[in-house]
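A short worksheet on the structure shown next.
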Amino acid sequence: MTLFGGLYALIKTVGGGELGDVYLSVNVKTSKQLAVKMAEKRNMTQARRERLLMEVSILQTLDHPNIVKLHQVIDSEDSIGLVMDYCVGELLQHVISHGR
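In terms of full-length UniProt numbering, the sequence shown opens at residue 1 and continues consecutively.
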């Protein structure tokens with residue numbers, strides 16, 4: 001088990017995308033399950049970095065019960081991690097393309 005940011009135990013990979021992998025994680029102090037989206041810095045182009053920063057900026061302004069909440073951004077030596085609510089279920093993209 002990997003510990004990220006000294007606080008989040010990365011349990012398993014639950015998804016991924018252009019900006020990085022998403023992990024089911026547990027806050028080791030509160031035992032709360034969260035999702036951590038990890039973006040590796042070593043392969044990050046300037047365009048990808050800008051998209052990630054745009055995603056962070058947008059998520060920080062949103063407050064709606066049907067949108068995941070961004071709790072924390074951790075900028076480590078090797079990666080940038082977005083700590084968000086963990087949601088169980090199908091991805092919106094899958095629901096749109098395959099129907100319910």
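Backbone N, C-alpha and C fix where the C-beta goes; we use that ideal spot for every residue, glycine too.
Here the structure is a predicted model, which is why all the values come from computation and not from measurement.
Collapsed DSSP secondary structure at residue i in the structure displayed
i      : result
Ile-67 : coil
Thr-61 : helix
Cα-Cα separation, residue i to residue j
i      : j      : result
Asp-85 : Gln-33 : 8 Å
Val-28 : Thr-45 : 32 Å
Val-36 : Leu-7  : 11 Å
C-beta atoms of residue i and residue j nearer than 8 Å
i      : j      : result
Ile-74 : Leu-52 : no
Leu-3  : Lys-12 : no
When the options are compared against residue i, the one with the closest alpha-carbon
i      : options                           : result
Lys-69 : Glu-55, Ser-76, Leu-7 and Asp-78  : Glu-55
Asn-43 : Met-1, Asp-78 and Leu-7           : Asp-78
Thr-65 : Arg-49, Gly-16, Cys-87 and Ser-57 : Reading off the sequence shown, one finds Pro at residue 65, where the question assumed Thr. The shortest Cα separation from Pro-65 among Arg-49, Gly-16, Cys-87 and Ser-57 belongs to Cys-87.
Gly-15 : Ala-39, Met-1, Asp-63 and Ser-31  : Ala-39
Arg-48 : Ser-31, Leu-19, Ser-76 and Leu-82 : Leu-19
Beta-bridge pairing of residue i - partner residues as DSSP gives them
i      : result
Asn-43 : In DSSP, Asn-43 forms no bridge with anything.
Lys-37 : Val-22 and Leu-82
Ile-74 : Gly-81
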